[in-house]
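Here's the structure we're looking at; comments come further down.
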Amino acid sequence: MRPTRSRPPSTTRCVRSTGGRRHRSPRCSPRSRTARRSAWCRSAARCSPPVRWRLAHARSPVAITCKAPARDCFTGRMAEHDELFDYLRSTDTVHIVTTTRDGRTIPTPIWAVAVDDAIYVRSAYGPDAKWYRRATTNGGVAFDTPAGARAVTIEEPNDAELEARVDDALQEKYAAEPASVAEMLTPLARGTTQRVTPAP
């Protein structure tokens, strides 16, 4: 007589008979229950709220924040500011990225100059230039740089003395293009002078 192996009590309760044959129900197997539980929780929609939050925000750039000490975060932001400042100051033609009402982004080549510790831009065609209207109306302004798009804010300085200094900076930086510089020095163009500030 062949020896028979005894089944564990938990498994024995799950034995059922079908067509004269005895076998364990897959639903009663402890391993099956664990597998089902794992498969059930692999779906983000069925997991607990903390897991759903982690899965959703892991893909969201808005949720990415600086986890380092405050001093290190500040240093990182200052480094990005300096990088953007140096790029706009040293590059002849930069691309400002503006946003349309339906959310599309459009890059436009423009000039930018540095005065003291700030960057300034203006429209050679006055306030009717499309990029200028989008930038001052819709918001969502950025600059294309080698390191990627850098979000900025723009504001009108309302300072006649500063506008004169921007004139001087334009004539110095773009001295090789006097005809184009002349268009940037008209009263219409001067009225569109905007200070560029990196977005927080």
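The letter at position 120 of the sequence shown is residue 120 when you use full-length UniProt numbering, and the numbering goes up by one with no holes.
In this text, a Cβ means the ideal position worked out from N, Cα and C, and glycines have one as well.
Range of the contiguous alpha helix (DSSP H) that encloses residue i
i	result
T136	130 to 137
Residue i burial status per 10 Å Cβ neighbour count (16 or more: buried)
i	result
I64	Its pLDDT being 33, under 50, I64 is placed unreliably in this model, and the value from its coordinates should be taken loosely. Exposed: under 16 other Cβ atoms inside 10 Å.
A135	buried
E163	buried
I110	buried
R133	exposed
A112	buried
T98	buried
S180	exposed
Three-state secondary structure assigned by DSSP to residue i
i	result
E155	strand
P187	helix
P127	helix
P146	coil
A179	helix
D86	helix
First through last residue of the beta strand (DSSP E) which encompasses residue i
i	result
R195	194 to 198
A160	That residue, A160, is in no beta strand (DSSP E); its alpha helix (DSSP H) goes 160 to 173.
A118	118 to 121
A112	Segment: none, A112 is in no beta strand (DSSP E) and carries neither H nor E.
T98	94 to 99
Beta carbon of residue i nearer than 8 Å to that of residue j
i	j	result
V166	T153	no
A182	V115	no
H95	T108	yes
Q194	Y120	yes
T145	L188	no
N138	T91	no
A118	A151	no
G126	T192	yes
R89	R190	no
A124	M184	yes
CB contact below 8 Å: residue i versus chain D
i	result
Q171	The chain inventory of the structure shown lacks chain D, comprising one protein chain alone.
Residue i beta carbon near the ligand HEM (any heavy atom closer than 7 Å)
i	result
L88	This structure simply doesn't include the ligand HEM, nor any ligand for that matter.
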